[in-house]
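**Student:**
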Amino acid sequence: MRVDPWKVYDPSNIEQGNQIAQCVLNFINDPLTLKGTKSQSTFENALPKINEYTVLSGIVALQGKTVEKTLKKRKTNTMPQTYLLTLTTGLKVLPAEKIHTQSRGRLLHDMHAEILSIRLFNLILLEDIKRINDCSDNDRCGKILRQNRNGLFQLRDSTIKLAMFVTEAPCGDASLENISSRSSSNVDWKDEKCGLEPIRGRSFFNRKGLVRTKPGRRDSQKSLSKSCSDKLCMKQFTSLLNSTTFSFIDPAYRYQFYLEYIVIPEESISPVDVQRCFSDRLNLDKSETNIQDYFHAFKILPTELPDFPYQFKLNNSLNACATSLVYSPVYPNMLEVINKGVLNGRSSKKHINKEASSQLCREALFERVAELNSNCFENIKTYSNFKGSIKELRKIKEGAKKIFKNWGESTIDDFTIRGES
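Quick note on numbering: UniProt numbering labels position 200 of the sequence shown as 200, and the sequence is numbered without any gaps.
1) Over what stretch of residues does the beta strand (DSSP E) that includes aspartate 110 continue unbroken?
2) Quick one: using the 10 Å Cβ neighbour count with 16 as the cut-off for buried, is phenylalanine 11 buried or exposed?
3) For the alpha helix (DSSP H) containing proline 271, list its first residue and its last residue.
4) To the nearest whole angstrom, what separates the beta carbons of cysteine 233 and cysteine 277, a pair I think is in contact under 8 Å?
5) How long is the line joining the alpha carbons of arginine 156 and serine 203, rounded to whole angstroms?
6) Locate the alpha helix (DSSP H) running through tyrosine 383, then write down its first and last residues.
7) Should threonine 88 and serine 39 be called a contact, given that it needs their Cβ atoms to be closer than 7 Å?
8) In chain order, what residues of the same chain lie with their CB nearer than 7 Å to the CB of glutamate 304, ignoring the 5 residues before and after it?
9) Would you report the Cα separation of isoleucine 264 and isoleucine 300, rounded to the nearest angstrom?
10) Based on DSSP bridge pairs, tell me the residues matched to arginine 368.
11) Locate the beta strand (DSSP E) running through valine 55, then write down its first and last residues.
12) Rounded to whole angstroms, how far is the Cβ of isoleucine 291 from the Cβ of alanine 400, which I believe are closer than 8 Å?
13) Suppose the cutoff is 8 Å on Cβ atoms and the five residues either side in sequence are ignored; what does the same chain contact list for phenylalanine 43 look like?
14) Assuming the contact rule is C-beta atoms closer than 8 Å, leucine 240 and leucine 210 should be a hit. Round their C-beta distance to whole Å, please.
15) Tell me, which residues are paired with alanine 320 by DSSP?
16) Where does proline 251 fall in DSSP's three states?
17) Just list the beta strand (DSSP E) runs in the segment 280-358, keeping only unbroken ones of 3 residues or longer that don't cross its boundaries, in chain order.
18) Do proline 95 and serine 223 have their C-beta atoms within less than 7 Å of each other?
19) Measure the alpha-carbon distance for cysteine 135 versus glutamate 127 and round it to whole angstroms.
20) Determine, using beta-carbon pairs with one atom in the segment 374-389 and one in the segment 406-415, whether at least three such pairs fall under 8 Å.
21) Using the three-state DSSP reduction, which class does valine 263 fall into: helix, strand or coil?
22) Would the beta-carbon of glycine 90 fall within 7 Å of that of histidine 112?
23) Going by DSSP, which residues form a beta bridge with tyrosine 83?
24) Taking just the CA atoms, how far does threonine 213 sit from asparagine 406?
25) Say whether the segment 340-360 touches the segment 96-104, bearing in mind that this needs 3 or more beta-carbon pairs closer than 8 Å, one atom from each stretch.
26) What residue range is occupied by the uninterrupted alpha helix (DSSP H) comprising lysine 235?
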């Protein structure tokens with residue numbers, strides 16, 4: 001834990017950044033676990049077409065330690081092994097009104113690639129816990145987790161560190177310089193009074209260090225979903241765990257589930273923006289709570305890999321890809337294509353059927369929790385009741401929100417646990 005501002009951007013570790021990025025891009029180029037299956041065409045068809053662009057993200061496990069060796073008077077690094085855990089694409093978000101009136105836990109609000117990867121990571125953990133619980137022998141290990149004697153879980157390998165790769169700087173405060181340089185409107189620079197609510201993502205570029213929402217265009221319907229910059233910054237307090245997985249992980253090993261690195265293409269990084277976004281604006285040394293005890297800082301690493309396959313960079317001359325790809329090579333059955341918050345080809349109008357919803361939606365994740373621990377639903381009738389029952393995680397989030405100052409409200413998406421289909 002570090003209280004004083006620390007240096008977020010680490011350009012000296014570009015070799016590690018290249019390794020993490022390459023792990024994700026290798027799968028795009030050659031999806032080994034899908035070769036020869038019907039899912040391969042689903043995967044490939046979900047990638048952006050020649051006239052489209054999207055953003056790509058992936059969570060990577062680094063196993064083993066970086067060791068410096070001297071061979072023939074020349075120092076070289078033996079890098080840790082890398083394993084791809086999640087691969088996601090996307091840059092869409094649903095308006096707050098649609099979530100409030102239609103979702104009942106069945107629509108995905110935020111389909112930005114980074115956020116989908118985090119939700120998919122939590123789904124992998126729940127699936128791993130289920131596999132371990134269903135195992136009949138004494139080996140209490142899954143693909144990435146193992147069960148301790150107290151019945152709770154930790155990473156199977158204690159040397160693993162988690163990293164995220166994303167092909168663009170996260171939307172929001174960490175990419176203000178990039179966004180403002182693309183803006184042709186003087187209106188976007190006008191000042192506004194800053195209250196307790198977040199501001200739109202692509203407006204008021206002079207207001208820095210503040211929480212923003214997505215999307216940011218003035219002509220778009222309002223969303224209360226926070227920017228990827230803000231959500232990732234919050235993960236420095238909460239870890240990658242969410243309310244569905246937090247209680248299953250041994251508290252002594254929750255530190256394993258924080259991001260160690262976020263890797264971004266070198267040309268997309270503004271050192272000033274990432275420093276302000278992920279460090280300087282937090283003022284942890286002035287915090288009145290003990291929220292610092294939960295804080296784990298990640299580093300931003302650059303990558304200088306050559307041009308990516310497909311269009312995984314923001315490009316105003318192309319159309320934004322409407323669909324999102326969700327895939328995990330850890331559990332290959334976790335392959336989905338999302339469109340407008342539901343499975344591609346399904347309707348997102350009016351009543352949302354279960355068959356149309358993603359494995360990553362709130363209702364689906366909570367149903368998995370119910371299968372693993374039915375006791376957790378005693379005296380709990382709604383989704384909001386459940387989230388409130390995870391008291392330690394709630395305490396961390398509320399403490400962090402005070403530091404952000406203008407976090408504001410979130411979209412209401414409540415539903416009855418075990419609701420009708």
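The C-beta atom is built at its ideal place from N, Cα and C for all residues, glycine as well.
**Tutor:** Let's see:
1) Numbered from its first residue, the sequence shown carries residue 110 at position 110. That run of the beta strand (DSSP E) goes 110-112.
2) By one-based count along the sequence shown, residue 11 stands at place 11. Per the sequence presented here, residue 11 reads as proline, with phenylalanine not at that position. Answer is exposed; the Cβ neighbour count stays below 16.
3) For this step, residue 271 is matched to residue 271 along the sequence shown. Unbroken alpha helix (DSSP H) run through proline 271: 271-278.
4) Locating residue 233 in the sequence shown gives position 233, where the first residue counts as 1. Locating residue 277 in the sequence shown gives position 277, where the first residue counts as 1. So it is a contact: roughly 6 Å between Cβ atoms.
5) The sequence position of residue 156 within the sequence shown is 156, counting from 1. The sequence position of residue 203 within the sequence shown is 203, counting from 1. Arginine 156 and serine 203: Cα-Cα distance of roughly 44 Å.
6) Along the sequence shown, one-based indexing puts residue 383 at 383. First-last of the alpha helix (DSSP H) with tyrosine 383: 383-389.
7) Working through the sequence shown from its first residue, we reach residue 88 at position 88. Working through the sequence shown from its first residue, we reach residue 39 at position 39. No, the Cβ-Cβ distance between threonine 88 and serine 39 is not below 7 Å.
8) Sequence index remark: in the sequence shown, residue 304 carries index 304 (1-based). Hits under 7 Å: Ile14, Asn18 and Glu266.
9) The residue given as residue 264 occupies position 264 in the sequence shown. The residue given as residue 300 occupies position 300 in the sequence shown. Their Cα atoms are separated by approximately 7 Å.
10) Taking the first residue of the sequence shown as 1, we reach residue 368 at position 368. Its beta-bridge partners do not exist; DSSP assigns none.
11) For the purposes of this step, residue 55 is identified with residue 55 of the sequence shown, where counting begins at 1. It is not in any beta strand (DSSP E) - valine 55 carries neither H nor E in the DSSP assignment.
12) Numbered from 1 along the sequence shown, position 291 holds the residue referred to as residue 291. Numbered from 1 along the sequence shown, position 400 holds the residue referred to as residue 400. About 6 Å separates the two Cβ atoms, so the contact holds.
13) Position 43 of the sequence shown holds residue 43. Cβ within range, chain order: Pro31, Leu34, Leu325, Tyr327 and Leu335.
14) In the sequence shown, counting from the first residue as 1, residue 240 sits at position 240. In the sequence shown, counting from the first residue as 1, residue 210 sits at position 210. Actually they are not in contact, since the Cβ atoms of leucine 240 and leucine 210 sit about 24 Å apart, beyond 8 Å.
15) Along the sequence shown, read from residue 1 onward, the residue named residue 320 stands at position 320. In the DSSP output, where bridge partners are listed per residue, alanine 320 has Tyr53.
16) Stepping through the sequence shown from its first residue, residue 251 is reached at position 251. Reduced to three states, the DSSP call for proline 251 is helix.
17) 299-303, 323-327 and 335-339
18) Walking along the sequence shown from the start, residue 95 turns up at place 95. Walking along the sequence shown from the start, residue 223 turns up at place 223. Yes, the Cβ-Cβ distance between proline 95 and serine 223 is below 7 Å.
19) If you number the sequence shown from 1, residue 135 lands on position 135. If you number the sequence shown from 1, residue 127 lands on position 127. When rounded, the distance between both Cα atoms is 12 Å.
20) yes
21) Position 263 of the sequence shown, counted from the first residue, corresponds to residue 263. Valine 263: strand per DSSP, three-state reduction.
22) Here residue 90 is taken as the residue at index 90 of the sequence shown, counted from 1. Here residue 112 is taken as the residue at index 112 of the sequence shown, counted from 1. In this structure, histidine 112 lies closer than 7 Å to glycine 90 by Cβ.
23) Translated into positions along the sequence shown, residue 83 becomes position 83. According to DSSP, which records beta bridges pairwise, tyrosine 83 is partnered with Ala61.
24) On the sequence shown, residue 406 is found 406 positions in, with the first residue counted as 1. On the sequence shown, residue 213 is found 213 positions in, with the first residue counted as 1. Computed Cα separation, rounded: 11 Å.
25) yes
26) Here residue 235 corresponds to residue number 235 of the sequence shown, with the count starting at 1. Per DSSP, lysine 235 belongs to the alpha helix (DSSP H) from 228-238.
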